[in-house]
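What follows is one structure encoded as C-alpha cells, with my remarks underneath.
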Amino acid sequence: MAYNDRKILGVLLGELADVPERCEGYRDDMTHLLTEVLNLEQDHAIKRIDIVKRIGDQVNTVGMSLHKARRQEGS
Numbered sequence: 000m001a002y003n004d005r006k007i008l009g010v011l012l013g014e015l016a017d018v019p020e021r022c023e024g025y026r027d028d029m030t031h032l033l034t035e036v037l038n039l040e041q042d043h044a045i046k047r048i049d050i051v052k053r054i055g056d057q058v059n060t061v062g063m064s065l066h067k068a069r070r071q072e073g074s
C-alpha cells in the first residue's frame, strides 16, 4: 500500500472513530463498509467491475441494518 493510501485510510478510520454510535454495532458496520469499498476499488482498478452498483449494494446493506436496529429500539 502506497504512503498516500495509508494516509487516506488513517484519516478515514480517524473520522469513523468520531461517528456517533447510532445503534449497537453501527460504527463496526461503517468500518466494514469502508473496508468493502476499498476492496471494491482495488478490484475495479484490476478487473473494471461495476463499482457504482456494488458500492450502492454495500451502502444499502448498512442502511437497512441501521433501519432495522432503529425499528427494534422503537418497539
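Under numbering that gives the first Met the number 0, the sequence shown has 6 at position 7, and the numbering climbs by one with no breaks.
Here a beta-carbon is modelled for each residue, glycine too, at the ideal position from N, C-alpha and C.
Computed from a prediction, not measured in an experiment: that's the story for all the values here.
Do Leu-39 and Arg-26 have their C-beta atoms closer together than 9 Å?
In terms of Cβ geometry, Leu-39 and Arg-26 do not form a close pair [threshold 9 Å].
Apart from the five residues on each side of it in sequence, which residues of its chain come closer than 6 Å, Cβ to Cβ, to Ile-48?
Short of 6 Å from the beta carbon of Ile-48, and not among the five residues preceding or following it, lie these beta carbons of its own chain, in chain order: Asp-42.
Compute the distance between the beta-carbons of Asp-28 and Leu-65, then report whether it is under 9 Å.
Result yes, Cβ atoms of Asp-28 and Leu-65 sit closer than 9 Å.
So, using beta-carbon positions, are Leu-33 and Leu-12 closer together than 9 Å?
Yes, these two residues count as a Cβ contact at 9 Å.
Tell me where the alpha helix (DSSP H) around Arg-69 begins and ends.
Going by DSSP, Arg-69 is part of the alpha helix (DSSP H) stretching over 50-73.
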